[in-house]
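Enquirer: Before I ask anything, here is the structure I am working with.
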Amino acid sequence: MMQIDLESLKPWLGRTETKEDILTPSLIDRFRATFDAHLWAGAGDVPLGIHWCLTLDSAPGGSLSDDGHSPQGRFLPPVPLPSRMWAGSDVTHIAPLTVGQTVTRRSTIGDITAKQGRSGTLVFVAVNHEYSNGQKVCIQEKQTIVYKDISRSQSEKHTFVAPDPTTLRSRLTPDSVLLFRYSALTFNGHRIHYDQPYTTEVEAYRGLVVHGPLQATLLLNLAADALNKAPQGFLFRGLAPLTLPCEIQLNCRPDGTTGTVWCQDETGVRCSSADYSAT
Numbered sequence: 174m175m176q177i178d179l180e181s182l183k184p185w186l187g188r189t190e191t192k193e194d195i196l197t198p199s200l201i202d203r204f205r206a207t208f209d210a211h212l213w214a215g216a217g218d219v220p221l222g223i224h225w226c227l228t229l230d231s232a233p234g235g236s237l238s239d240d241g242h243s244p245q246g247r248f249l250p251p252v253p254l255p256s257r258m259w260a261g262s263d264v265t266h267i268a269p270l271t272v273g274q275t276v277t278r279r280s281t282i283g284d285i286t287a288k289q290g291r292s293g294t295l296v297f298v299a300v301n302h303e304y305s306n307g308q309k310v311c312i313q314e315k316q317t318i319v320y321k322d323i324s325r326s327q328s329e330k331h332t333f334v335a336p337d338p339t340t341l342r343s344r345l346t347p348d349s350v351l352l353f354r355y356s357a358l359t360f361n362g363h364r365i366h367y368d369q370p371y372t373t374e375v376e377a378y379r380g381l382v383v384h385g386p387l388q389a390t391l392l393l394n395l396a397a398d399a400l401n402k403a404p405q406g407f408l409f410r411g412l413a414p415l416t417l418p419c420e421i422q423l424n425c426r427p428d429g430t431t432g433t434v435w436c437q438d439e440t441g442v443r444c445s446s447a448d449y450s451a452t
């Protein structure tokens, strides 16, 4: 079992990065075309979740890692584990973004921790993001990235479990085109979302992997639909790989001004979940 030298990664704590982007009508059009009816109709001009498509990393192609990720050691620490995934985010909505305005994202490495999991060593890197329009902070987010060994158990498939009709809200059958479009929206080169041989033979997934932020966007809009307003608090967690072919079953259990939403596949496995609150 690999031992991680966290001391060697501590120089990255507190490291900051600032990026700017413009929220254009064309990006909004492409985002709406990708998610279609699964976006909350009450969002107005700027759909919820589009901030994950802004201020993107644009590393040159020749510098990418074998898995298609941007190289480590610049902003993110050089964690010596082969698999890297978005584990979750704690999002606070303060004010809506505005079409046509410059969006500034200031990011800071907040924490680096390690623990032993069933598949081996796990390293968690917490990144604090602040999205602003001008001097106005619109979104705060604590993102958690997990680094891990490649595990053959992530290719396992479970048996069918019938959905709960009291919580099931909608269904979506994703395909490789949807994953490709979302990779394009987010300039995400990670090969597990579009390269089938690499995904199954190298990273040992059962099939192409549905992006964590794609699932989070579906759940964020489902929560807004339940509240009839954008949730102020949204705590998202990735629970298990969601791989093609699959059916995404979108579920919601509201409780007044709070609730839980989750994605499960056709076998009943919860692949991601989020707790939301109106305030």
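Take the sequence shown: its letter number 194 is residue 367 in my numbering, and every next letter is one higher.
No residue lacks a Cβ here, since even glycine has one placed at the ideal position from N, Cα and C.
1. Quick check on Thr339: buried or exposed, where buried means 16 or more other Cβ atoms within 10 Å of its Cβ?
2. How about Ile177: is its Cβ closer than 7 Å to a heavy atom in the ligand GTP?
3. In three-state terms, what does DSSP make of Arg342?
4. Do Cys226 and Ser317 count as a contact pair if the criterion is CB distance below 8 Å?
5. So, helix, strand or coil for Val375, using DSSP?
6. Just how far apart, CA to CA, sit Leu186 and Gly234?
7. What residue range is occupied by the uninterrupted beta strand (DSSP E) comprising Asn301?
8. Let me confirm a value: Leu179 is counted as buried when at least 16 other C-beta atoms fall within 10 Å, else exposed. Which label applies?
9. If distances are taken between C-alpha atoms only, which option among Leu412, Pro347, Ala403 comes closest to Arg443?
10. On the premise that Asn301 lies in contact with Thr281, defined as a C-beta separation below 8 Å, what is that separation, rounded to the nearest angstrom?
11. Hey, could you find the ends of the alpha helix (DSSP H) Tyr355 is sitting in?
12. Among the candidates Ile312, Ala214, His366, whose CA atom is the shortest distance from the CA of Arg257?
13. Could you check what DSSP says for His366 in three-state terms: helix, strand or coil?
14. On the CB-based measure, 16 or more other CB atoms within 10 Å of its CB, does Val264 come out buried or exposed?
15. The beta strand (DSSP E) that contains Phe394, what's its start and end?
16. Taking the alpha carbon of Glu314 as the point to measure from, which residue in Trp213, Pro184, Gln405, Gly441 has its own alpha carbon closest?
17. According to DSSP, simplified to helix, strand and coil, what is Thr207?
18. Taking DSSP as the reference, what is the three-state secondary structure of Gly261?
19. Would a C-beta distance cut-off of 8 Å place Val219 and Ile267 closer than the cut-off?
20. Which runs of the beta strand (DSSP E) at least 3 residues long sit entirely within the stretch 407-431? Give them in chain order.
21. Report the three-state DSSP secondary structure of Phe216 (helix, strand or coil).
22. Find the nearest neighbour of Cys425 within the set Arg344, Arg247, Ser349, judged by alpha-carbon distance.
23. Check this for me: beta carbons of Asn394 and Trp213, under 8 Å apart or not?
24. Please say whether Val296 and Ile177 have beta carbons closer to each other than 8 Å?
25. For Asp438, is the classification buried or exposed, using 16 other Cβ atoms within 10 angstroms of its Cβ as the cut-off for buried?
26. Let's test the definition: count the other Cβ atoms within 10 Å of the Cβ of Val434 and tell me whether it reaches 16, buried, or not, exposed.
27. Out of Asp194, Asp398, Pro198, Thr207, which one is the CA nearest neighbour of Leu229?
28. Which residue marks the beginning of the beta strand (DSSP E) containing Arg443, and which one marks its end?
29. Report the residue from Thr440, Pro418, Ala357, Ala451 whose alpha carbon sits nearest the alpha carbon of Arg379.
Expert: Answer, in terms of the structure:
1. exposed
2. Within the structure as shown, the ligand GTP is missing, as the structure has no ligands at all.
3. strand
4. The question names Ser, but residue 317 is Thr in the sequence shown. Cβ atoms of Thr317 and Cys226: not closer than 8 Å.
5. coil
6. 27 Å
7. 293-306
8. exposed
9. Leu412
10. 5 Å
11. 349-358
12. His366
13. helix
14. buried
15. Contrary to the premise, residue 394 reads as Asn rather than Phe in this sequence. No beta strand (DSSP E) holds Asn394; the alpha helix (DSSP H) holding it covers 385-400.
16. Gln405
17. helix
18. strand
19. no
20. 421-428
21. Residue identity check: residue 216 is Ala in the sequence provided, not Phe. Ala216: helix per DSSP, three-state reduction.
22. Arg344
23. yes
24. yes
25. buried
26. buried
27. Asp194
28. 443-450
29. Pro418
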